[in-house]
Structures are given as structure tokens and as C-alpha cells.
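All residue numbers for the sequence shown refer to the working numbering, where the first residue is 13 and numbers rise by one. Report on one structure; see the data block that follows.
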Amino acid sequence: MRRKKKWGLAAALAAVSSLFIFAGCTVGESLEEIVEENDLVAQVTYYANGGDFGVTVLDTTDRENVLLSQKKELYYKDGSKIADIGNVMLSNGSIDFERRDYDFAGWYHVETDVNGNIVYEVNEVDGVKYMKLGEKVDFSKTIEDGEHWYLCAAWTPRVKVKMKLVCDTLSEGETIKGKFGEKETELKNGDVVHEFSFSTKGKVESVSDSWTPDFKAENGTYVAYYADEACTQEVQWPISNTGNTDVFIYAKYLEGAWTVLRTADDVSGKMFGFAATQSDTKFYLYDDIDATGKTVTPLDGFAATLEGNGHTISGLTVETQLKQFTPSATFGILYDTAKMKDVTFDDLTVQYNVSSNVNIKDEDKTDSTKWNHGYDAYAVFAERGNGSVVENVVINATMTVFIGEYSCVDNLWDETNQQFDAVNGKFGAGPQTGFTATVDIHIQADWWTVNQ
Numbered sequence: 013m014r015r016k017k018k019w020g021l022a023a024a025l026a027a028v029s030s031l032f033i034f035a036g037c038t039v040g041e042s043l044e045e046i047v048e049e050n051d052l053v054a055q056v057t058y059y060a061n062g063g064d065f066g067v068t069v070l071d072t073t074d075r076e077n078v079l080l081s082q083k084k085e086l087y088y089k090d091g092s093k094i095a096d097i098g099n100v101m102l103s104n105g106s107i108d109f110e111r112r113d114y115d116f117a118g119w120y121h122v123e124t125d126v127n128g129n130i131v132y133e134v135n136e137v138d139g140v141k142y143m144k145l146g147e148k149v150d151f152s153k154t155i156e157d158g159e160h161w162y163l164c165a166a167w168t169p170r171v172k173v174k175m176k177l178v179c180d181t182l183s184e185g186e187t188i189k190g191k192f193g194e195k196e197t198e199l200k201n202g203d204v205v206h207e208f209s210f211s212t213k214g215k216v217e218s219v220s221d222s223w224t225p226d227f228k229a230e231n232g233t234y235v236a237y238y239a240d241e242a243c244t245q246e247v248q249w250p251i252s253n254t255g256n257t258d259v260f261i262y263a264k265y266l267e268g269a270w271t272v273l274r275t276a277d278d279v280s281g282k283m284f285g286f287a288a289t290q291s292d293t294k295f296y297l298y299d300d301i302d303a304t305g306k307t308v309t310p311l312d313g314f315a316a317t318l319e320g321n322g323h324t325i326s327g328l329t330v331e332t333q334l335k336q337f338t339p340s341a342t343f344g345i346l347y348d349t350a351k352m353k354d355v356t357f358d359d360l361t362v363q364y365n366v367s368s369n370v371n372i373k374d375e376d377k378t379d380s381t382k383w384n385h386g387y388d389a390y391a392v393f394a395e396r397g398n399g400s401v402v403e404n405v406v407i408n409a410t411m412t413v414f415i416g417e418y419s420c421v422d423n424l425w426d427e428t429n430q431q432f433d434a435v436n437g438k439f440g441a442g443p444q445t446g447f448t449a450t451v452d453i454h455i456q457a458d459w460w461t462v463n464q
């Protein structure tokens, strides 16, 4: 949070009777006139040194210009003690003084070289240039006639939990583009995408899976947070502040636009939806998902990418009424652009229903060639393009086909033996490589046996 400290004038005047802030000059009087009238013969320049005195800086591209511009000039009588802005509370008039996410740590004399020029140094924590600190100011000493002290503020960063970006496919120097609010930026591996402040109890509590970092990627997708850079260990919440250094956790990102599947609703509503037929859609399975109770319609086709990440979707039900001359399968047609990797579908239930032939003539009921044909039911796919990529995909399913009277499913029907052949119900046309499919197929058509 951004906190402002306002230091009023009256309390300082009580302790330092001759202090004057030139910003509060009476209208019509010049600074020189005020200084002369009040016998203010000494001066102190306070530099915020990375902080902010509320001064508007026009040229922010020049770091030294910013540091020199953020200052306050105070004037004193001979032999006065100077104000310790930041520690002495003032109440009449005010000075804005702050630095975001830092605590004020006191005043130091500005270090200068032999020619009297200000010395700068790069801070090891944030890699930014600041004024170099000299001796700490002794506020028990007085400032004398003609002296001009140059002081700079010291700051202590507030300890936080910081989340670093991790993207496995980014090469050294490559970045992910995005925004912090409205500010466009590019981040590389190791850059901070979000910060958590410790509460008054010194803890950072848990955040939900639906939470996203401050950094909104344009050519990348946030997946989840982890305790380790390899993104293999869960974060143990709450995180406690146990020292004076920042705590780091890690945010996994994927290059490009991905749809992250986190819940059973994601599986049923996104993966088994219109997006699955689009070749530019990419699904990423974040975790094992129990989809028990979710029922979906088989896909007409799958043209997308599914990165299973070694996880399992279990308990899903696929159900539909079969149509003549339109083969049905869980994934429909696997198009040439389809890619499935490292995923298991466990306890998959596939249920197909075939309507009865209500228009068949009585004399044709015993002639199987006159029954309704043109139905095809498959557990996994009905057709597969040669360009599709399937690697390490495991299917453990039960497929049940309810066949109405005087109809049959052609790929399960053996014309020679006049019986249902459940062996051929896993796959349709195309290569079967990359799949390990165990399918227990059940045919329910008791009417056929009775009529025969």
C-alpha cells in the first residue's frame, strides 16, 4: 500500500524555534525577504533519495535529475537544531514524505567527492542508482550561520512474499509481454509478477486457484503458483515472516494462449465444447480432475491440443442418441491438427442409445437385413487423421450401447454369426498408435434374442 506521512510545522517550531519552510511563504513576499526578516542564516536540503516529497518531476528518464528534484529546502537561525523529518511529528503545515513499500530509516549526510560532487551508487537489492550515504546525522548538534547541510534519506525495504515468473520454454533473454495495470512491460524468467504484503500477524494467507497475479500476460498464460522453481511442490500456506529477507514463490506461465483446465466444469464446458474443434485452441490440464456427475455429448471432432501434464480426468460420462450414417465417438474425428499428450481418462462411461425401427413391417422383423442400419458407435475416435499426434494417452472406459428393436450398430454387428461383436467398438478408421485403451463394451438388445 502507498502510505503518506505529513509532518506539520508547529511541533517542530516548539523544538526548533527558528525553522521555516519556504513553500509556506506569505503571498507577496519573496523567499529572500522571509529569510532576511526572520534572520534565517542557515539552510538544510533534504533529499528523498528514492522517496517522494510530492514534487512533480518533468524529466523522469534522467535518474540523477529525479533524485536531485525530490527535495525540500528548510531555513534556520544560527545555532538551531534541525528538524528530523520523518521522526519529528509536525502539525501546522505539512510535508509529504514517502517511499512505496519502504520504511524510513533516518537521515545521512550526502557523500561527496573531493570536488564536492554528489556520489551515487547502485543498490544491490533493486539494481537502481541512489545517492551514497555518508555519516549519519547527529540531531543533537546545531547548525551555524552560513552552513548548508545536504542530507539524504535512508530506506529499509519492507519484507514481502514475491512471486517470480517461471516459463520452461523461454530461452535466456526471451520475454513474455503483458501489463501491470495499464503499464505495458516485458518480463523474463525470474522477474516478479506479484507481491504479497505480510499482515499485522506476520503472515500471508492462502489464495484460491482462480486468483491471478498482477501481471497480465499477452503472449503467455498463467497456470499456478508453486513453492519451488521447478514447479513441483505445493505452497504451504500460510507463509510466515520469519526473517528480514523476502520470501520467494513461483508462478508458472505457458508461452502462448492456453485454456487451463482446473475443474470438472472446465472439462465439460470448455474441453467438450466448440473450442475443441478449433486448431488454434490449446488445453492444459492443471491437476487430476474428478468429473464424476458430469455428462457431456461426444465431440463431432477434436482439432485442438491437449497437454495432460501427466494428470487424470476421471468419472466423466459421455452420452448421446446415435444418428444414422453419423459415427459417434468420445472425441469424434481426430483431425490432422489434433495433439493429445500425457493424459489418462479413467472410469470413463460411454453410453449410446439407438432408436427402435417403429416402421418395420411384421414380415420383415425376422429379416436382419431389413432392420435399421447405418449406426456406428466407438469409444475413443471414429476416424483419425494421419497428421494427428497422440502420445501416452490412456483410456479406461465402459461403453454401453442400448439398441432399440429392429435396429443394429453396424460396427458391432457380425453378419456371419448374427451376433453382437463388442471387440470392434474402441476405434474407428485410422492409426491407433499412442493410445492404451481398455474398454469394457456391453450391448443391451434383449429383444433380438427373444425374437430369434
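All C-beta atoms in this analysis are idealised placements derived from N, C-alpha and C, irrespective of residue type, glycine included.
- Counting every other CB atom within 10 Å of its CB across the protein chains shown gives glutamate 76 a total below 16, marking it as exposed.
- In this structure, DSSP gives aspartate 138 a state outside helix and strand, which the three-state scheme calls coil.
- Restricting attention to Ser222, Asn384, Val140, the CA atom closest to the CA of tyrosine 234 is found in Ser222.
- Here threonine 271 is buried. Its C-beta has 16 or more other C-beta atoms within 10 Å.
- Taken through DSSP and simplified to helix, strand or coil, arginine 274 comes out as coil.
- In the three-state DSSP reduction, lysine 382 falls in the helix class (H, G or I).
- In this structure, phenylalanine 393 keeps its C-beta atom at 9 Å or more from the C-beta atom of leucine 328.
- Here the segment 317 to 325 lies against the segment 350 to 368, with 3 or more beta-carbon pairs under 8 Å apart.
- For glutamate 147, the enclosing beta strand (DSSP E) covers residues 145 to 148.
- Counting C-beta pairs closer than 8 Å gives three or more between the segment 383 to 393 and the segment 419 to 439, which meets the contact rule.
- Pairing glutamate 198 with tyrosine 132, the inter-Cα distance amounts to about 28 Å.
- Judged by their CB atoms, phenylalanine 343 and glycine 313 are nearer to each other than the 9 Å cut-off.
- Assigned with DSSP and collapsed to three states, arginine 75 falls in helix.
- Judged by beta-carbon spacing, aspartate 113 lies beyond the 9 Å limit of valine 53, meaning their Cβ atoms are not closer than that value.
- With a beta-carbon spacing of about 18 Å, aspartate 115 and glycine 66 fall beyond the 8 Å limit used to define contacts.
- Where valine 47 is concerned, there is no enclosing beta strand (DSSP E), although the alpha helix (DSSP H) around it starts and stops at 43 to 49.
- Of the other Cβ atoms in all chains shown, fewer than 16 fall within 10 Å of the Cβ of glycine 399; this residue is therefore exposed.
- In summary, lysine 335 is exposed, with fewer than 16 beta-carbon neighbours lying within 10 Å of its beta-carbon over all protein chains present.
- From the listed residues Gly322, Val308, Thr289, the smallest Cα separation to leucine 297 is found for Gly322.
- Cβ-Cβ separation between cysteine 243 and valine 178: approximately 6 Å, consistent with a contact (criterion under 8 Å).
- The way I'd put it, the segment 162 to 171 doesn't touch the segment 185 to 197; fewer than three beta-carbon pairs between them come closer than 8 Å.
- Out of Asn127, Thr68, Phe208, the CA that lies nearest to the CA of leucine 79 is found in Thr68.
- For aspartate 452, the enclosing beta strand (DSSP E) has its first and last residue at 447 to 456.
- Just so you know, the alpha carbons of threonine 448 and lysine 141 end up roughly 60 Å apart.
- Relative to lysine 195, the option among Ser81, Lys228, Arg274 whose CA is nearest is Lys228.
- With a threshold of 16 other beta carbon atoms within 10 Å, phenylalanine 432 meets it and is buried.
- Of the other Cβ atoms in all chains shown, 16 or more fall within 10 Å of the Cβ of histidine 206; this residue is therefore buried.
- Annotation for glutamate 186: no beta strand (DSSP E) segment contains it, and DSSP assigns it neither H nor E.
- At the C-beta level, valine 370 and isoleucine 415 stay beyond 9 Å of one another.
- With distances taken between CA atoms, asparagine 408 lies nearest to Thr361 out of Ser211, Thr361, Asp348, Ala457.
- Under the three-state reduction of DSSP output, asparagine 404 falls in the strand class.
- Take the alpha-carbon of isoleucine 130 and the one of glutamate 123: they are about 6 Å apart.
- The three-state reading of DSSP puts aspartate 433 in coil, since its state is none of H, G, I, E or B.
- When only Cα atoms are considered, valine 259 and phenylalanine 208 end up about 10 Å apart.
- Glycine 440 and threonine 338 have their C-alpha atoms roughly 12 Å apart.
- Rounded to the nearest angstrom, the gap between the Cα atoms of asparagine 231 and glutamine 290 is 19 Å.
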